[in-house]
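Numbering (my numbering), first residue to last: 1398 to 1569. See structure below.
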């Protein structure tokens, strides 16, 4: 089996976060050959829905599944005020990197609103792993070193048992 190793250096930190996972057939099919892009960005809700439908269709055609994790920073507005725009921007840029690196194709991640995110991934990634990475980043970003609450939930798909219409309905 092939494996993929990813590393990210968080802004304002001397630490690197490493992840390793096995490459799945779905990942290989969905992955696009891209050059390093320093301007990684998260999708908006509508674009994410389109990407998700396509990813689910590809996975269904290959007999695979795609999971979706939702992450929420419940007090995002208050935290943004506490940190200031510059530090909040660095924090959200780092979240963008984490979610993009863990998404099924490097792009299937979205910012639904300030502090609310979603990402499509395979079963090598889970909500606890993503939450732990972002909580570590939050502790480093917080001037008091305490961090802040991040909630997460993963929805696992069983694409073989869902019609395309049911899948779309579940996404919305």
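Ideal Cβ placement from N, Cα and C applies to all residues, glycine included.
>> Can you tell me whether residue 1508 is helix, strand or coil according to DSSP?
In response: Three-state result, residue 1508: strand.
>> Just to confirm my understanding: we take residue 1445, look at its own chain, exclude 5 residues before and 5 after, and list those with CB closer than 6 Å. What are they?
In response: Excluding residues within five positions, the ones whose Cβ falls inside 6 Å are 1507.
>> Let's test the definition: count the other Cβ atoms within 10 Å of the Cβ of residue 1497 and tell me whether it reaches 16, buried, or not, exposed.
In response: By the Cβ neighbour-count rule, residue 1497 is buried, with 16 or more other Cβ atoms within 10 Å of its own.
> Going by DSSP, what residues sit across from residue 1401 in a beta bridge?
Replying inline: When DSSP reads this structure, residue 1401 sits in a beta bridge with 1418.
> Quick one: does residue 1538 have its CB under 7 Å from some CB of chain B?
Replying inline: Any reference to chain B falls outside this structure, which holds one protein chain only.
> Where does residue 1516 land, buried or exposed, given buried means 16+ other C-beta within 10 angstroms?
Replying inline: Counting every other CB atom within 10 Å of its CB across the protein chains shown gives residue 1516 a total of 16 or more, marking it as buried.
> Any idea if residue 1538 is buried or exposed, counting beta-carbon neighbours within 10 angstroms, 16 or more meaning buried?
Replying inline: Note on residue 1538: 16 or more other CB atoms within 10 angstroms of its CB, so buried under the neighbour-count rule.
> Anyone know if the C-beta pair for residue 1509 and residue 1406 falls short of 7 Å?
Replying inline: Not closer than 7 Å, so no.
> What does DSSP give as the partner residues of residue 1513 in its beta bridges?
Replying inline: In the DSSP assignment, residue 1513 is bridged to 1469, 1510.
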